[in-house]
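With the first letter of the sequence shown counted as 1, position 59 gets the number 163 in this note's numbering; the numbers rise by one all the way through.
Note that CB positions come from ideal geometry on N, CA and C, so glycine has one too.
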Amino acid sequence: MFQVNPRKTVYDVCIIGSGAGGGTAAKVLTEGGLNVVMLEAGPRLDPDRDFKEHVWPYQLAHRGAGVGGLGSNFGEFLAPNGFWEIEGEPYTAAPGSSFRWFRSRIEGGRTNHWGRIALRFGPADFRPHSTDGMGDDWPITYEDLAPYYDKVEAYIGVFGSKENVPNAPDGVFLPPPKPRCTETLIKKACDRLNITCIPSRMAILTKPLNGRDACHYCAQCGRGCKSASNFSSSQVMIPPAAATGRLTMIANAMAREIVVGENGRAEAVSYIDKTSKSEQRVYTKAVVVAASACESARLLLNSRSASFPNGIANSSGAVGRYLTDSVGSDLAGYFPQLERMPAHNHDGVGGMHMYMPWWRFGKQNQFLRGYHIEFGGGRDMPGVGGFDGVCEEHEGYGVSLKQKCRSSYGTFIGFSGRGEMIPNGKCFCELDPEVKDQWGIPVLRFHWQWSENEIKMAADMQATFRSIVEAGGGTVIAGTRRHPKPQGMEKNPDMQQPVGKISQGGEIIHELGTVRMGNDAKASVLNAHCQAHDVKNLFVADAAPFVSNPDKNPTLTIMALAWRTSDYLLEQAKKGEF
Ligand SMILES: Cc1cc2nc3c(=O)[nH]c(=O)nc-3n(C[C@H](O)[C@H](O)[C@H](O)COP(=O)(O)OP(=O)(O)OC[C@H]3O[C@@H](n4cnc5c(N)ncnc54)[C@H](O)[C@@H]3O)c2cc1C
Ligand code: SF4
105 MFQVNPRKTV YDVCIIGSGA GGGTAAKVLT EGGLNVVMLE AGPRLDPDRD FKEHVWPYQL
165 AHRGAGVGGL GSNFGEFLAP NGFWEIEGEP YTAAPGSSFR WFRSRIEGGR TNHWGRIALR
225 FGPADFRPHS TDGMGDDWPI TYEDLAPYYD KVEAYIGVFG SKENVPNAPD GVFLPPPKPR
285 CTETLIKKAC DRLNITCIPS RMAILTKPLN GRDACHYCAQ CGRGCKSASN FSSSQVMIPP
345 AAATGRLTMI ANAMAREIVV GENGRAEAVS YIDKTSKSEQ RVYTKAVVVA ASACESARLL
405 LNSRSASFPN GIANSSGAVG RYLTDSVGSD LAGYFPQLER MPAHNHDGVG GMHMYMPWWR
465 FGKQNQFLRG YHIEFGGGRD MPGVGGFDGV CEEHEGYGVS LKQKCRSSYG TFIGFSGRGE
525 MIPNGKCFCE LDPEVKDQWG IPVLRFHWQW SENEIKMAAD MQATFRSIVE AGGGTVIAGT
585 RRHPKPQGME KNPDMQQPVG KISQGGEIIH ELGTVRMGND AKASVLNAHC QAHDVKNLFV
645 ADAAPFVSNP DKNPTLTIMA LAWRTSDYLL EQAKKGEF
């Protein structure tokens, strides 16, 4: 019988990953008129079902504490986001190295419960080599990216204040929330020490914006926000892309290989349909990889062909190299004066209302580059296990235990430094020659070693935290910013590093640089438009293209860069290049 073969659909662009980078690309490219297919390794997200913003502990199995109180990954109380370990998808570390990799498998990626700290990189951050001779300069300047920071901030909503701090540029800001009393206490201590302490800059709406409601200050951002008052790609980037009618989202689709045609260009993406466990293929005129920095490197390395035996676009051998994470160190203090504070509501946004940008920029320090300080504490809604430490230390039960919980509640403030790591030859990822994931895809093997500069920086963080605690009338205690009160760190592998230590590689979840951009095609993978030197219709739109990892958290820059890359791709498409 006569049969009609359905015509093969060829999309204008295939985007891989729906997080900060992929979501931004989807919005810009579909609104620019292109037909986009998006492959997302995880399921679709339904905020009404998946977010736990106003859920009570008793509504969850094990009261949200996990089986045996051990918690599961970041905890059952949080928005679905990602995991330190994913069943069937291992990664490995080379002998002598340790690295932690927090990955996501859901629409929106890790933006469903990121900390929403949204800082611009400064002009010097794009020119590190010119500033102190270490690392490399970016092929773009702050001025190239500034208009895109403007666009992202104006669209997603970032609160903050104009401060003119050197190398910590002001942005397009919504008004910041007022400081809590703990924050005022620390600000006063910082004033005494000449440490700059200013309103924080976070992607949370303090006024309604673009159809989204303003924050109602429930302080539960980590559980996901049903009113979309904070930023997630799933709620802020994907919906406008879908509304154009030009976005085809394929969920549970794990991209395995970018397929190259005879003309040396990417022509299709092969993926595992996780539901049917079958291999499928989408055809496309251009590919935007945004699977998160290390996953993007992995995908490129796994896309081997006769033209690219070492992985697509990897003639330089730079894919997987130049891996960095932020330098992290934590300390917490106990402030007895907070015990006497009259009970009042400390809620606000889910996160800090104030922070300390790097205040010694341009000065002579014991180490190169700098760090900023995040801090938190006070009487916000106690998380699961919030009183474990008191219970462990205090003999008794009933009224006396409750009194102890009440009097110590809110008296701890924790500090976290986030500093710049300079890329070094000992930190990189590559394909493990033996280990494969459950679909037979080779996994990443990590190599990691901090250099002396980062170790000195972490020691400086510790000394600074100590001086702030003492200037504020407190005493230093063991603990971390997320869990200021010590509460059995050995029980919970998700807690940050013990007091006084530098973080583990990858632990700060700012891993980046593995598919870097540059003007020299022999030492970089992408050009100044995040377009592969070797494959003109291949782009990368997450943190993999970053040339350096300044102290500022990376996600605002991921979005600004993805927007700029997408504008360029649109321009090229209009010229008929794809
Ligand atoms: C708890 C936490 C707090 C954080 N706080 C901050 C903060 O305050 N400020 C800040 O700037 N950053 C913060 N971050 C980091 C921030 O979340 C990431 O920088 C950002 O989400 C990275 O965006 P991305 O698009 O590169 O990747 P992701 O958001 O990780 O998204 C990648 C997407 O790609 C999908 N994917 C992966 N592999 C494949 C594949 N092969 N095929 C198809 N799809 C694939 C994943 O499922 C995922 O949805 C935090 C992260 C966490 C976990
Ligand atoms: S604090 Fe504001 S932004 Fe965060 S979850 Fe609550 S309402 Fe949403």
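Asked: Spell out the partners DSSP gives S374 in its beta bridges.; Found: E361, R385
Asked: Within the region 278-345, note down every full alpha helix (DSSP H) run reaching 4 residues or more, in order along the chain.; Found: 285-297, 337-340
Asked: Just grab the DSSP bridge partners of Y438 for me.; Found: F516, T579
Asked: By the three-class DSSP mapping on this structure, what secondary structure does Q676 have?; Found: helix
Asked: Determine, using beta-carbon pairs with one atom in the region 385-392 and one in the region 400-411, whether at least three such pairs fall under 8 Å.; Found: no
Asked: Is any heavy atom of ligand 2 found at a distance shorter than 7 Å from the C-beta of V453?; Found: yes
Asked: Name the two residues that bound the continuous beta strand (DSSP E) containing L351.; Found: 351-354
Asked: To the nearest angstrom, report how far apart G186 and I613 are at their CA atoms.; Found: 11 Å
Asked: Taking the C-alpha atoms as reference points, what is the distance between I662 and C495?; Found: 42 Å
Asked: Alpha helix (DSSP H) containing D492: first to last residue?; Found: 492-497
Asked: Tell me the residue span of the alpha helix (DSSP H) that contains Y252.; Found: 246-260
Asked: Are H450 and D484 close, meaning C-beta to C-beta below 8 Å?; Found: yes
Asked: Is M460 helix, strand or coil when you go by DSSP?; Found: strand
Asked: Less than 7 Å separating the Cβ of P658 from some heavy atom of ligand 1?; Found: yes
Asked: Using a Cβ-Cβ cut-off of 6 Å (strictly less than) and excluding sequence neighbours within five positions of A647, which residues of its own chain qualify?; Found: A397, L616, P658, I662
Asked: For ligand 2, I want to know if I308 counts as a neighbour, meaning its beta carbon is within less than 7 Å of at least one of the ligand's heavy atoms.; Found: yes
Asked: Is R209 near ligand 1 - that is, is its Cβ less than 7 Å away from at least one heavy atom of it?; Found: yes
Asked: Using the C-alpha atoms, what's the distance from V262 back to A323?; Found: 16 Å
Asked: When DSSP builds the beta bridges, which residues end up paired with I477?; Found: M460, G521
Asked: With a 10 Å radius around its C-beta and 16 neighbouring C-beta atoms as the bar for buried, classify Q635 as buried or exposed.; Found: buried
Asked: Would you report the Cα separation of G200 and L535, rounded to the nearest angstrom?; Found: 17 Å
Asked: To the nearest angstrom, how far is the alpha carbon of Q470 from that of N557?; Found: 8 Å
Asked: Compute the beta-carbon to beta-carbon distance between G606 and A562, rounded to the nearest angstrom, for a pair I have assumed lies under 8 Å.; Found: The sequence given here places Ile at residue 606; Gly does not occur at that position. Indeed they touch by this definition, with Cβ atoms about 4 Å apart.
Asked: Since S670 contacts L133 with CB under 8 Å, what's their CB separation in whole angstroms?; Found: 5 Å
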